Structures are given as C-alpha cells and as structure tokens.
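This report refers to the structure that appears directly beneath it.
There are 2 protein chains.
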Amino acid sequence: MLTISIDTHSSLPMYEQIYNYIKAEIRNGNLPYHYKLPSTRSLAANLQVSRNTVDLSYAQLVSEGYIEAVPKSGYYVAMVSDLTHIKPKPSSVTKPFPISKITYRYDFSPFAIDINTFPYNTWRKLSKNCMNEYNNDLFLLGNNQGDENLRAAIGRYLHESRGVNCSEDQIIIGAGADYLLQLLSQLFQYGKPISSIAMENPAYRQAYKIFTGFHYRVIPIDLDHNGIRIQPLYESDADVVYVTPSHQYPIGIVMPIKRRMELLQWADKAPGRYIIEDDHDSEFRYKGKPIPSLQGIDSSGRVIYLGTFSRAVAPAIRVGYMVLPKNLLAVYKQYLYHYSSTVSRIDQYIITHFITDGYFERHLNKMRKLYKGKHDQLVQALKIFRDKISIEGENGGLHLVLRFLSNASEQEIIDAAGKKSIKLYGLWEHYITKPELPAAPSILLGYANMTEKNIQDGIHALYHAVKDCL
Amino acid sequence: MLTISIDTHSSLPMYEQIYNYIKAEIRNGNLPYHYKLPSTRSLAANLQVSRNTVDLSYAQLVSEGYIEAVPKSGYYVAMVSDLTHIKPKPSSVTKPFPISKITYRYDFSPFAIDINTFPYNTWRKLSKNCMNEYNNDLFLLGNNQGDENLRAAIGRYLHESRGVNCSEDQIIIGAGADYLLQLLSQLFQYGKPISSIAMENPAYRQAYKIFTGFHYRVIPIDLDHNGIRIQPLYESDADVVYVTPSHQYPIGIVMPIKRRMELLQWADKAPGRYIIEDDHDSEFRYKGKPIPSLQGIDSSGRVIYLGTFSRAVAPAIRVGYMVLPKNLLAVYKQYLYHYSSTVSRIDQYIITHFITDGYFERHLNKMRKLYKGKHDQLVQALKIFRDKISIEGENGGLHLVLRFLSNASEQEIIDAAGKKSIKLYGLWEHYITKPELPAAPSILLGYANMTEKNIQDGIHALYHAVKDCL
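Sequences listed follow chains R and X, in order. Residue numbering for the first sequence follows the working numbering, starting at 1490 and increasing by one per position. Residue numbering for the second sequence follows the working numbering, starting at 1490 and increasing by one per position.
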C-alpha cells in the first residue's frame, strides 16, 4: 500500500499532493514498471479523502504518461525509460552578472534624449482613451504591416514634413530600427539576391553589426565634405548602400543636392540596386527647415526610407517605420508578409492619435526649441577653446563633433576627461575600417539630456581637464 | 531680378516661399549653374521683406546644396546634375488593396480568444500607474534582453506554473513568438552551425515558414499517438527539433513522460542538438493541472523554452519570452546581444505588474473556467453526431480536432458548412508534407470567442449542413 502523508493544512490541493508523491516514487524507481496501483476506491478509503480526489490524481498521472489505465483491471506504472537520472536543477532565479555603472558628473552622451520632457500627460490620456473605447478588435492580432490608421498617419507626416512620397501600403511598422533592418536583411535575400552592402565610414555601427550578422559583406566607403564618396561606390560591387543623408551619423554632414543626384544615378545604373536612407534624427534642425528626404526626389523606386520615434519621442517607444519602393514591397508581400506585427495594438493606437490629434507636431516644436537652446549654449561655451578645436555637424541632431588640434590621441583626451568625471565618446570607434592617417582626435559631444547650466559648467571643466593635451 | 510673388496671407512662412521659388527655378533649369543671385539686401528691398527672411532662405538653399556662398562676392547657383528629370511623384496616400471580408454566422476559428474578457480596467490602471511614477528611466532604452523585473517575474511564473528551471539571465523578452523564432534562427548560425530542423507533421505552419525563410532544411516527422516519432528523428540528420509537447499543435496530443525522455535522450546523443519547446497554449487545461514543461526535466541544457501572452491575455499584446540553455545564452551574448529590445518599456512595466500584483493568476483562473464551460458545451453539443465523428485533443487549449467518418473530402465538408455560413478550418493545410493515405476529413474546432449558446446552435447547424456528407 502507498503510504502518502496528506497535509490538510497545505495550500497544495490534496489531489496534487497524491500526484506529486506517486510521480516521485515512479521517478526514483520505487514503483517499477507494471506495478499495479491501488484502486481509486481503496486508496481514497485508506487516505480518508474523497474518491474524486484520487481520480483526479490518477488522471493527471495518466495525462503525463506516468501510469496507464488498463480497462477492467486497474492502473499500472507505465514504461518510462531512464527516469532516475532526472535531477531537476534547483530553482535558481539568480541575479544576472553585475553591471558596474560609473556615474559621471558630466556625461556628453550622443545617444541621450531629454527624458524630462516625455509627454506623460498626453500618453496617459491617450492610453486611457484607448482602454475606454472598449474596442475589442484592438486586442486581436492586427495587420502584419501595422494598423492602417497608423500607416496613414505616418504617411501624411512623412509627406508633409520630410517630402516622402508613398502610399500607406508601402509603409511597414516595426519594433524599432534594429528590427526593420533585420527584416530588410531578410528581404534582400529574395528576388535578385544581394551579397554586399556599402556603408558610410564612419557609420552607425549597429547597422553594420546587423548586416554582417546576416552574412552580408559590408564595404566601408570614405566620406568627403559632401558625404559618402561616389567613385569608390562605383568601384565596389555593392548592390545596396546605407546612408544618412539628412545628417550623417556620426559626422553630421548634410548631403547636398548634387551628391544626392549622383547617388540616385548610381542606383539607376544597374537593376536591383537600392539606397537605404536612415533618417534617424532629421526632425531636429535648428537653422531653417528640415532637409527634405532623398526618398522624395527618387523617381525610380530605389530608396528605402527608414525612421523611428526613438529620437523624436523616446527610445523606449519601440516603434519604427520603413517605406519600401513598390518592387521591394511586392517581394515583402510574397515572402515576409507572414510575420506578425511586432508592435502592440495599444501602442499603435496611442501613436496614431499622438500624430493625428496634433500632439506630435507640438511636441516636436517644443523639443526643437529646447534642443536649440542647448545646442547654442554648447557652441557658445566651446569658445573657451578658441582655435584649439573645430566644430562639425552643428545646427542639427542631438550632438556635434569636436576635432581637437592636438598631438594627443583620442583615447588620451577621453582618459584625461574621465579623470575629472567627464564622460566623452570618441569618433574612432565609429569607423568600420580605421583611416590610414590618424585623423585629429575627435569627440561626439551630445547635449540632449544636459541642462544649459550643466553644458556650460561641463565644457568649462572639460577645458581644464584636457588643456594640457592641446 | 527674381520675380517672386509673396503671399502674406499664406500659412507658409515668407522665407519658405522664397526658398521654394528659387529651388523650383534651379530644378527646372531657369536658373543655370553659376547664375549669380541678387544680394540678400537687394532681394529683401525688392520683395519688401526683412533681410533676415532672405538670409534664412539662402541659408536653407546653401544647406541643401542648391546654391553656394562665395566669400566677398555673393551667392551662385551650384552645380547640380540632371535635376530636370526630377518629377516628384504626386502625393499618393492611396488605399491599400481591398480585403474582401466575409462574415460568417458561426466561425469556429482555432486562432480566436475570448476578446470580451480583456482586463481593460487592470490595464488602464497599470498604464496610469506607469505614467504617474514619472520614472524617466522608463523612457530610455532598457536592457536588450528585457527589463530585469519583467524577466524575474516571468522566471518565477514559469517555475511555479510550468516547472521551468532557469535564472532570469537566461530569459529573453521579444515582440511575439515570430520575432523570437527569427532571433533563434539567427542564433543557430553561430557556434556549431545547424542546417536542418525537424518539425512535427502536421505542425505550426508559421514556425515552418520562418525556418525555411532562414534557409534551414525542415524535416517533417510524423506523429503517433504519443506525439513526434523518435525513430525517424534518429534517421534524419536534424540538429534541432521543434515540438509542442504540452498540447501538440494542431492535434492536441499530450506527450507522455516516456516520449519526453526519449526526446531528451536523442538530444543528448550528439553535441549541438537542441529541442525547441513551444508552450503555446499550455495555460489552458481543463482536467487536472497543466502538464509540466519538458524544459523542467532537461538536465543537460538541450531545451529552448518558448511562450507568449497571446493566448493567455491577447494576441495584440506583442510580448513573448524565450528561455535559453546556458551554452546558447553565451552564443546569444556574443553575437546577438546588440539587438535592442523590441518591446516598449511601458508594456514591460504593465506586464511586470500584471504578473507580480496577482492579476495574471486571477485572469488565468477566470479564463480557464470560462473556456472550460465552452469546451464542455462543445463536447456536449457534438453528441448530435453520435458515432459519425471522433474527437481528439480535448481537455486543453482553445480548439479540439474533429475527425469525420466519411468518404467525403475535407474540402467538401468545409464547403458544405460554408454554404450555411459556418466557417470551418481544415487539418489538411497544417501538414508540411501531405500524408500518403488521405486521413479522415478533419477539422480544427475553435470555440474561444463563441458564446455557449452560439456553440450549441453552431454545432446543430453544422450537423444539418454536413450530415449528407456522412
């Protein structure tokens, strides 16, 4: 007879205690194959529980294959091979690797945004509206490309503010630029397969990692003062080029119209060539109006346009968009349309209304003004360096590039600043292939999440920290 | 002299009207290369606008490369090649392809959930809390694997309810199962590269599409009444097998412990073998308790465990989780950790609290009860068919499988039902390779989003619609 001790005060139901006991006995070999279990009636009587309880335990053991019911005979331990070596690992909800986090007095991160200005109230209101609509459809899986309303809203926004020409059907919504670049990397494997992708050098390293992760050969192309050079692009065997024409990342060059036309001409010269235009921070321009997109002057369907809300709203809002030319759209529909959308319907609802109800435009205007103030403060504060530095990439984005007139290395300057608790971000690490002649030591100076006072004090401190290197 | 007509009542700023005019004139060739523009002073006087306004127009044209400033001389039209062929396409925010949507009187979709029970109030409350915390960190890019709190909450939930053993560091959060399967498909390309993946046949077709999309050879393996067959798995050269042991999709088989052990033994027989356990709907079991996971009895780090909130909460909540064995985790950290998380921080916050504040457990209990009622109603209603059908895969999930004793084909039965406005979903299309002997016509009968009354009426109508086929 099984001697099971039932704890009637346990939070575990009695049937589960019986089930656990018998399962353990089978696992450790105490109840061998074909052992006949007591009938449910006798076990129930023996344990002084209801027969229903034992029935439930046996049914669960049958479901999981530990015992078998033989009609008109009873329950037998099933053939279960090699159970004795199962040693369930102890529950180890351990802490992950500790990450040492140094806090700097001044952190000139080029990846920061001003997080104090997140439109909390609007977001709260819109998410409340979403829930109050009790629109059940919102909780079913939506369109794989993204909700139609959201695509229409983004299409209008891109047309009005970036000169992008597209139908909403050409737009694909995805959880951030990284995801969309993964999707694109898969897309390029269909149709006329693509083996090499040219990129600006220095570049957005994340895109480089994704392309090489998908086994594309990445060809780095040097920049001149108008952006990516065209001659080396012709000399390469690249089928696709990834560029940031509105504000080159990280240098900040605005690609002039002539170079844009040359780039489009390159794409037109052979079938299957594409240009990826990553318009990562074009919302922010502090002189005149935003530079119109390359996509808007593409008349032969060669430009893939990419953008996100990471800079304009917050990186935590994992929503990006990609505009495909019509021929690539057809390939997407044939091979990749089966992927479910990666953005929750609630988020799609909120962002749709954020745009269509006018909040987005107001938010952008506010942020432009705020960032322009910080930008101007930074440029002003940098005058302390006089002719020891030159500035590039100003008037747009959320960082500028500082080139030092110095024989010190970039790392020496970063280290000197670090000793005074100032965090700097070097240009060097943005190169895919390092330049032959070491360029002047250069720093990306982000200012988005610093106050104007901190910018002033930080640059003052920076000057004193590095002045011996200059 | 440029004759620009300024519309002072226009909503377009004056500087933009001047900029637009000059840009258009350069584009259509009326202002040729090296044409000298009027000085800002004389154009301002001529147009009766402030000099600042003209300065702004010229600066924008310089930024975009249409004109050049020659120091001490003035502004000249720049060399811009081939502009005349630019014909910006008309803004065509057209409607996408119309999708014809037939509404059926009774729709037995196996993909549905009961959308009337979405926890609106809780979701609203939690999203409000999230916004009220004004926690700015929440709007920065979080941990690429997902927030630590969310991973800890999911780890505890999986341990307690599914017997999964893991540390929170082994968990990766992603925007749905499709995304996680894409990530996994990339992961398998590192370390010991994997070329073929075995799958149950019939199977979850979406996984099949993703694996073949990543150029894996997919080997379909037939089922017996205990799930995937082991002998053909040994005979194949597969390195990875994708299974649904708790409730085989679509047949509903619960894999008994013996077969689970055999599967683990297969994985142990060669280095680099893995089992993907997709635990897609194991939350719902109406007899006894949920079947413990395969991952929980894996003592050699061979099982990759995959789950989502699509069935348990709603498909619109694009959140899934993947538990990697430690050796694969190391590969992930080395090669794929650079991918940003695909789930918004707000959603991660809400789901964390949904679990840790006890809402999830209450929601699951409520849904289990609700779905059990519908399930039992369906089984009861099906008695009208007497011995003309057999039922498989009952007592769990959100659909069951109906096999007809009939010489009619599956399609004939689906069509006969369709004529009476009853939507059925066939089993045939779930096969990767079609069985040699046509099986009995079989239907997946989903009931999650039907009322008990509708289930009863629907099955009654179904009986009369198809009885001539039986």
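Each residue gets a CB set at the ideal place from its N, CA and C atoms; glycine is no exception. All figures in this text were calculated on a predicted structure; none of them were measured in a lab.
{"Item": "DSSP state of residue 1891(X) mapped onto helix, strand, coil", "Value": "strand"}
{"Item": "At least 3 beta-carbon pairs within less than 8 Å: the segment 1542-1555 of chain X vs the segment 1501-1511 of chain X", "Value": "yes"}
{"Item": "Delimiting residues of the alpha helix (DSSP H) encompassing residue 1606(X)", "Value": "Taken as a continuous stretch (DSSP letters only), residue 1606(X) belongs to no alpha helix (DSSP H), as it is neither H nor E."}
{"Item": "Start and end residues, alpha helix (DSSP H) containing residue 1674(R)", "Value": "1666-1676"}
{"Item": "Secondary structure of residue 1931(X), DSSP reduced to three states", "Value": "strand"}
{"Item": "Per-residue DSSP class, three states only, for residue 1774(R)", "Value": "strand"}
{"Item": "Inside the segment 1776-1816 of chain X only - alpha helix (DSSP H) runs reaching at least 4 residues", "Value": "none"}
{"Item": "Whole-angstrom distance between residue 1647(R) and residue 1881(R), CA atom to CA atom", "Value": "27 Å"}
{"Item": "Interface flag, residue 1718(X) vs chain R, CB-CB below 8 Å", "Value": "no"}
{"Item": "Contacts around residue 1792(X), its chain only, beta-carbon distance under 6 Å, and the 5 residues preceding and following it disregarded", "Value": "1764, 1766, 1783, 1784"}
{"Item": "Nearest-angstrom beta carbon gap, residue 1727(X) and residue 1686(X) [assumed within contact, 8 Å]", "Value": "6 Å"}
{"Item": "Proximal residues of chain R, C-beta to C-beta of residue 1746(X) below 8 Å", "Value": "1553, 1554, 1555, 1567, 1569, 1572"}
{"Item": "Residues within the segment 1869-1897 of chain X neighbouring chain R, beta-carbon criterion of under 7 Å", "Value": "none"}
{"Item": "Entirely enclosed alpha helix (DSSP H) segments - the segment 1628-1669 of chain R, minimum 4 residues", "Value": "1637-1651"}
{"Item": "Distance between beta carbons of residue 1710(X) and residue 1689(X), contact taken as under 8 Å", "Value": "6 Å"}
{"Item": "Inter-stretch contact at 8 Å, needing at least 3 Cβ pairs: the segment 1931-1940 of chain X / the segment 1596-1613 of chain X", "Value": "yes"}
{"Item": "Residue 1871(X) to residue 1638(R) span [Cα, whole Å]", "Value": "41 Å"}
{"Item": "Alpha-carbon to alpha-carbon, residue 1514(R) and residue 1706(X)", "Value": "42 Å"}
{"Item": "Uninterrupted alpha helix (DSSP H) stretches inside the segment 1701-1778 of chain R (no shorter than 4 residues)", "Value": "1720-1724, 1746-1757"}
{"Item": "Selection from 1794(R), 1815(R), 1838(R) that minimises the alpha carbon distance to residue 1769(R)", "Value": "1794(R)"}
{"Item": "Straight-line Cα distance separating residue 1762(R) from residue 1756(R)", "Value": "5 Å"}
{"Item": "Cβ pair residue 1809(R), residue 1907(R) closer than 8 Å", "Value": "no"}
{"Item": "Inter-residue CB distance, residue 1744(X) and residue 1716(X) (contact presumed, cutoff 8 Å)", "Value": "4 Å"}
{"Item": "Cutoff 8 Å: residue 1581(X) Cβ touching any chain R Cβ", "Value": "Because residue 1581(X) sits at a pLDDT of 45, beneath the cut-off of 50, its placement in the model cannot be relied upon, and the point is left open."}
{"Item": "First through last residue of the alpha helix (DSSP H) which encompasses residue 1856(X)", "Value": "1848-1870"}
{"Item": "8 Å CB neighbourhood of residue 1578(R) in its chain, flanking five on each side removed", "Value": "With a pLDDT of only 49 at residue 1578(R), under the threshold of 50, the placement of this residue in the model should not be trusted, and no figure is reported."}
{"Item": "Beta-carbon spacing of residue 1617(X), residue 1613(R) below 8 Å", "Value": "yes"}
{"Item": "Rounded separation between residue 1684(R) and residue 1724(R) - CA only", "Value": "15 Å"}
{"Item": "Separation of residue 1529(X) from residue 1492(X), as counted between CA atoms", "Value": "14 Å"}
{"Item": "Straight-line gap, residue 1559(R) to residue 1550(R) (C-alpha atoms, nearest Å)", "Value": "14 Å"}
{"Item": "The segment 1813-1830 of chain X / the segment 1673-1680 of chain X touching (three or more Cβ pairs under 8 Å)", "Value": "yes"}
{"Item": "Span of the beta strand (DSSP E) around residue 1559(R)", "Value": "1556-1559"}
{"Item": "Backbone secondary structure at residue 1822(X) - three-state DSSP", "Value": "helix"}
{"Item": "Where the beta strand (DSSP E) containing residue 1680(X) begins and where it ends", "Value": "No beta strand (DSSP E) holds residue 1680(X); DSSP gives it neither H nor E."}
{"Item": "Simplified DSSP state of residue 1525(X), which is helix, strand or coil", "Value": "strand"}
{"Item": "Residue interval of the beta strand (DSSP E) (run including residue 1564(X))", "Value": "1563-1566"}
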